[in-house]
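Okay, so here's the structure we're looking at.
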Amino acid sequence: MRKIVMALAIAAVMSGSVATSQTAYAAQSSHDTNVYIQPAVPIGPKVQMLDCYGTTGSMGCGPGWVWRDGWRGWGCYPC
Amino acid sequence: MKARTMAGGFAAAAVMTVGVAVGGFGYAAAAPGDFSTLPVDPNLITDSLAYNAAPSVFNPNGRPGVETVYIHRDGSRQITSTILVLPDAQAASAALDGAKAELAGKVANSKTQPAAVGSGGTMLTGMSPDGSKSVTVLSFAEGNTATTLEFDGAAKDPAPSDLVLELGHKQDTAIRDWQAS
Chain L
122 MRKIVMALAI AAVMSGSVAT SQTAYAAQSS HDTNVYIQPA VPIGPKVQML DCYGTTGSMG
182 CGPGWVWRDG WRGWGCYPC
Chain Z
8 MKARTMAGGF AAAAVMTVGV AVGGFGYAAA APGDFSTLPV DPNLITDSLA YNAAPSVFNP
68 NGRPGVETVY IHRDGSRQIT STILVLPDAQ AASAALDGAK AELAGKVANS KTQPAAVGSG
128 GTMLTGMSPD GSKSVTVLSF AEGNTATTLE FDGAAKDPAP SDLVLELGHK QDTAIRDWQA
188 S
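In order, the protein sequences belong to chains L and Z. Heads up, the first sequence is in my numbering, so the first residue is 122 and it goes up one at a time. Heads up, the second sequence is in my numbering, so the first residue is 8 and it goes up one at a time.
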């Protein structure tokens with residue numbers, strides 16, 4: 122009797138582990154819980170327009186303008 | 008004492024009268040034939056120091072009026088203001104037509120476009136005959152006056168049209184103020 126109980130217990134334990142492993146495999150195969158994150162595209166060097174002298178503009182003229190002594194005297198003029 | 012005070016008061020009044028007579032009141036004191044206050048200094052629309060004025064020439068080429076040359080401090084630009092004061096508007100219009108015809112022969116590759124300044128305003132742009140300079144001329148009449156503003160600069164640095172028109176408007180206003188005085 123004791124042997125029968127032991128055999129049944131062992132069988133129950135083995136069948137349970139097999140069933141559990143199948144379930145685990147099934148879960149892994151059909152439900153991928155890993156979230157794929159696309160690697161960030163590296164942002165290239167920012168383009169900053171330069172004025173005629175290759176700077177960002179002196180005297181606050183800004184890109185595309187240059188500080189010079191022109192028809193209106195000293196001021197910002199288009200490049 | 009009272010007599011001395013009164014004498015002092017008269018003296019002060021006399022000094023003030025002389026001062027006013029000498030100093031004048033701008034346009035209001037402009038005597039007939041006094042064209043000295045007519046030209047508008049281009050420094051009014053620049054950084055205030057860009058141009059140096061040569062002494063004005065009165066009655067240029069025997070014609071009643073005034074001509075003033077303003078030279079940029081770097082020597083690369085020049086503005087010549089010529090204002091002729093004629094007997095009437097018809098004579099002014101005729102003088103303006105003559106000036107335009109004269110300019111057409113002096114400016115190469117010229118383009119003319121109307122300008123909303125005074126009466127019959129036109130703006131002519133082109134190059135000097137040898138191609139070494141840019142030339143822009145604004146001409147207009149106002150009552151009995153005929154005005155030309157000539158802008159000479161480097162070949163690749165023509166006078167901006169907004170500057171030309173701005174100075175033209177100020178010159179036109181000054182002429183009208185002078186006529187009203």
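Cβ coordinates follow ideal geometry from the N, Cα and C atoms, glycine included. Nothing here was measured: the structure is a model prediction, and the numbers come from that model.
| Asked | Found |
| --- | --- |
| In the DSSP output, what is residue 90 of chain Z paired with across the bridge? | Z:73, Z:154 |
| The beta strand (DSSP E) spanning residue 142 of chain Z covers which residue range? | 140-149 |
| Kindly list the residues whose CB is nearer than 7 Å to the CB of residue 133 of chain Z, restricted to its own chain and excluding five residues on each side of it in sequence; keep chain order. | 114, 115, 116, 117, 118, 142 |
| Output yes or no for whether 7 Å exceeds the beta carbon distance between residue 150 of chain Z and residue 96 of chain Z. | yes |
| Ignore the nearest five residues each way along the sequence and tell me which others in residue 89 of chain Z's own chain have a CB closer than 6 Å to its CB. | 74, 155 |
| Residue 35 of chain Z to residue 68 of chain Z, Cα distance in whole Å? | Confidence in residue 35 of chain Z is poor, its pLDDT being 36 and thus under 50, which makes the residue's placement unreliable; the coordinate value appears in the next sentence. Whole-angstrom Cα-Cα distance: 27 Å. |
| Find the residues of chain Z that neighbour residue 194 of chain L, judging by a C-beta separation of less than 7 Å, and give them in chain order. | 53, 54, 56, 57 |
| What does a CB cutoff of less than 7 Å around residue 160 of chain Z pick up in its chain, not counting 5 residues either side in sequence? | 83, 84, 140, 141, 166 |
| Would residue 200 of chain L and residue 188 of chain L be called neighbours here (beta carbons separated by less than 7 Å)? | no |
| Tell me whether the beta-carbon of residue 57 of chain Z lies closer than 7 Å to the beta-carbon of residue 181 of chain L. | no |
| Taking the alpha carbon of residue 191 of chain L as the point to measure from, which residue in Z:52, Z:144, Z:62 has its own alpha carbon closest? | Z:52 |
| Would you tell me roughly how many angstroms separate the C-alpha atoms of residue 186 of chain Z and residue 71 of chain Z, rounded to the nearest one? | 15 Å |
| Helix, strand or coil for residue 114 of chain Z, going by three-state DSSP, please let me know. | coil |
| Taking the beta strand (DSSP E) that residue 95 of chain Z belongs to, which residues open and close that run? | Residue 95 of chain Z -> no beta strand (DSSP E), and no H or E assigned at all. |
| Tell me the DSSP secondary structure of residue 162 of chain Z in three-state form. | coil |
| Could you give the DSSP three-state label for residue 131 of chain Z: helix, strand or coil? | strand |
| Tell me whether residue 192 of chain L sits in a helix, a strand or coil according to DSSP, three-state version. | coil |
| With H, G and I counted as helix, E and B as strand and the rest as coil, what does DSSP make of residue 85 of chain Z? | strand |
| Hey, does residue 187 of chain Z have any beta-carbon neighbour from chain L nearer than 7 Å? | no |
| At a CB-CB cut-off below 7 Å, which residues of chain L make contact with residue 70 of chain Z? | Near residue 70 of chain Z there are no residues of chain L at all, since even the closest Cβ is about 28 Å away, more than 7 Å. |
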